[in-house]
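Here is the structure we will look at, set down as C-alpha coordinates.
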Amino acid sequence: MKKFENFLGSLSVLEKAEKEQASKDEIYRTGVIGQFNLTFELAWKALQETLRGHGVLGAENGSPREILKLGFAHSFVNDEETWLSMLKARNLSLHIYSEIDAESLVSQIFDSFISAFRNFSETLSKKIAEIEERN
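My numbering numbers the first residue of the sequence shown as 3 and each following residue consecutively.
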(Lines of atoms letter the chains of each structure in order from A; the text may use other names.)
(Lines give C-alpha, C1' and ligand atoms only; values in the text may rest on other atoms or scores of the structure.)
Protein backbone atom coordinates (compact mmCIF):
# COMPACT_ATOMS: atom_id res chain seq x y z
CA MET A 3 0.00 0.00 0.00
CA LYS A 4 1.48 3.27 -1.16
CA LYS A 5 0.39 5.34 1.85
CA PHE A 6 2.00 2.87 4.23
CA GLU A 7 5.22 2.91 2.19
CA ASN A 8 5.23 6.71 2.32
CA PHE A 9 4.74 6.59 6.09
CA LEU A 10 7.65 4.15 6.48
CA GLY A 11 9.89 6.42 4.42
CA SER A 12 8.98 9.45 6.50
CA LEU A 13 9.50 7.52 9.74
CA SER A 14 12.91 6.41 8.51
CA VAL A 15 13.94 10.04 8.08
CA LEU A 16 12.58 10.97 11.52
CA GLU A 17 14.44 8.07 13.14
CA LYS A 18 17.73 9.46 11.80
CA ALA A 19 17.26 12.69 13.72
CA GLU A 20 19.56 13.25 16.68
CA LYS A 21 18.12 14.49 19.96
CA GLU A 22 21.34 16.21 21.00
CA GLN A 23 21.54 18.13 17.73
CA ALA A 24 17.88 19.16 18.05
CA SER A 25 18.50 20.51 21.53
CA LYS A 26 21.33 22.76 20.26
CA ASP A 27 20.10 23.98 16.88
CA GLU A 28 16.86 25.88 16.28
CA ILE A 29 16.73 25.13 12.55
CA TYR A 30 17.39 21.42 13.16
CA ARG A 31 14.68 21.41 15.86
CA THR A 32 12.24 23.00 13.41
CA GLY A 33 13.08 20.27 10.89
CA VAL A 34 12.42 17.53 13.44
CA ILE A 35 9.04 19.05 14.23
CA GLY A 36 8.20 19.31 10.53
CA GLN A 37 9.20 15.69 9.93
CA PHE A 38 7.09 14.61 12.88
CA ASN A 39 4.10 16.44 11.39
CA LEU A 40 4.61 14.76 8.02
CA THR A 41 5.04 11.33 9.62
CA PHE A 42 1.86 11.79 11.66
CA GLU A 43 -0.13 12.84 8.56
CA LEU A 44 1.08 9.83 6.63
CA ALA A 45 0.38 7.52 9.59
CA TRP A 46 -3.28 8.40 9.96
CA LYS A 47 -3.81 8.29 6.19
CA ALA A 48 -2.16 4.84 6.02
CA LEU A 49 -4.40 3.78 8.89
CA GLN A 50 -7.46 5.01 7.03
CA GLU A 51 -6.46 3.12 3.88
CA THR A 52 -5.84 -0.08 5.87
CA LEU A 53 -9.14 0.22 7.74
CA ARG A 54 -10.89 0.56 4.37
CA GLY A 55 -9.06 -2.52 3.13
CA HIS A 56 -10.49 -4.43 6.08
CA GLY A 57 -13.99 -3.12 5.34
CA VAL A 58 -14.30 -1.14 8.57
CA LEU A 59 -17.44 0.98 8.47
CA GLY A 60 -16.80 4.67 8.82
CA ALA A 61 -13.27 4.55 7.42
CA GLU A 62 -14.25 5.99 4.05
CA ASN A 63 -13.72 9.52 5.31
CA GLY A 64 -13.19 11.33 8.56
CA SER A 65 -10.88 13.56 10.50
CA PRO A 66 -7.62 12.25 11.92
CA ARG A 67 -9.30 11.98 15.34
CA GLU A 68 -12.19 9.95 13.90
CA ILE A 69 -9.84 7.63 12.01
CA LEU A 70 -7.69 7.15 15.12
CA LYS A 71 -10.78 6.32 17.18
CA LEU A 72 -11.71 3.66 14.61
CA GLY A 73 -8.16 2.36 14.76
CA PHE A 74 -8.36 2.05 18.55
CA ALA A 75 -11.78 0.41 18.41
CA HIS A 76 -10.56 -2.23 15.93
CA SER A 77 -7.11 -2.78 17.51
CA PHE A 78 -5.19 -1.29 14.60
CA VAL A 79 -3.63 1.27 16.95
CA ASN A 80 -2.36 0.62 20.46
CA ASP A 81 -1.59 3.21 23.11
CA GLU A 82 -4.52 5.54 22.63
CA GLU A 83 -3.13 8.08 25.09
CA THR A 84 0.10 8.54 23.14
CA TRP A 85 -1.68 8.83 19.80
CA LEU A 86 -4.10 11.43 21.12
CA SER A 87 -1.09 13.30 22.52
CA MET A 88 0.49 13.13 19.07
CA LEU A 89 -2.66 14.51 17.47
CA LYS A 90 -2.74 17.37 19.97
CA ALA A 91 0.98 18.04 19.50
CA ARG A 92 0.59 18.06 15.73
CA ASN A 93 -2.27 20.56 15.98
CA LEU A 94 -0.38 22.78 18.44
CA SER A 95 2.89 22.60 16.50
CA LEU A 96 1.49 24.99 13.92
CA HIS A 97 1.32 27.64 16.64
CA ILE A 98 4.60 27.18 18.48
CA TYR A 99 6.20 30.56 19.02
CA SER A 100 8.50 29.92 21.97
CA GLU A 101 11.67 27.89 22.20
CA ILE A 102 10.45 26.26 25.41
CA ASP A 103 7.38 24.87 23.62
CA ALA A 104 9.47 23.71 20.67
CA GLU A 105 11.95 21.97 22.97
CA SER A 106 9.11 20.31 24.86
CA LEU A 107 7.60 18.96 21.64
CA VAL A 108 10.96 17.69 20.43
CA SER A 109 11.42 15.86 23.73
CA GLN A 110 8.02 14.19 23.28
CA ILE A 111 8.93 13.21 19.73
CA PHE A 112 12.14 11.50 20.85
CA ASP A 113 10.86 10.13 24.16
CA SER A 114 7.57 8.57 23.07
CA PHE A 115 6.28 9.45 19.60
CA ILE A 116 8.97 7.73 17.52
CA SER A 117 8.52 4.47 19.43
CA ALA A 118 4.73 4.74 19.00
CA PHE A 119 5.27 5.14 15.24
CA ARG A 120 7.52 2.04 15.25
CA ASN A 121 4.91 -0.04 17.08
CA PHE A 122 2.24 1.25 14.71
CA SER A 123 4.34 0.27 11.69
CA GLU A 124 4.60 -3.31 12.97
CA THR A 125 0.88 -3.57 13.66
CA LEU A 126 -0.14 -2.01 10.37
CA SER A 127 2.29 -4.23 8.46
CA LYS A 128 0.48 -7.29 9.87
CA LYS A 129 -2.93 -5.82 9.05
CA ILE A 130 -1.84 -5.10 5.48
CA ALA A 131 -0.52 -8.65 5.14
CA GLU A 132 -3.96 -9.91 6.14
CA ILE A 133 -5.52 -7.90 3.29
CA GLU A 134 -2.95 -9.23 0.82
CA GLU A 135 -3.55 -12.83 1.92
CA ARG A 136 -7.26 -12.45 1.17
CA ASN A 137 -6.62 -11.11 -2.33
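Here a beta-carbon is modelled for each residue, glycine too, at the ideal position from N, C-alpha and C.
- Message: Buried or exposed for arginine 136, going by 16 or more other Cβ atoms inside 10 Å?
- Response: exposed
- Residue from Glu28, Asn39, Asp27 and Gly55 with nearest C-alpha to leucine 94: Asn39
- Task: Leaving out five residues on either side along the sequence, give the residues of the same chain with a beta carbon under 7 angstroms from the beta carbon of arginine 2.
- Result: With the chain covering 3 to 137 only, the question about residue 2 has no answer from this structure.
- Message: Could you check whether the stretch 15–32 touches the stretch 45–60, counting it as contact only if at least three pairs of C-beta atoms, one from each stretch, sit closer than 8 angstroms?
- Response: Contact between the stretch 15–32 and the stretch 45–60 is absent, because fewer than three Cβ pairs lie under 8 angstroms.
- Are the CB atoms of leucine 44 and serine 65 nearer to each other than 8 angstroms? no
- Nearest to glutamate 51 by CA position, among Asp113, Phe112, Gln110 and Asn8, is which residue? Asn8
- Query: When the Cα of phenylalanine 112 is compared with those of Ser14, Glu20 and Phe6, which residue comes out closest?
  - Reply: Glu20
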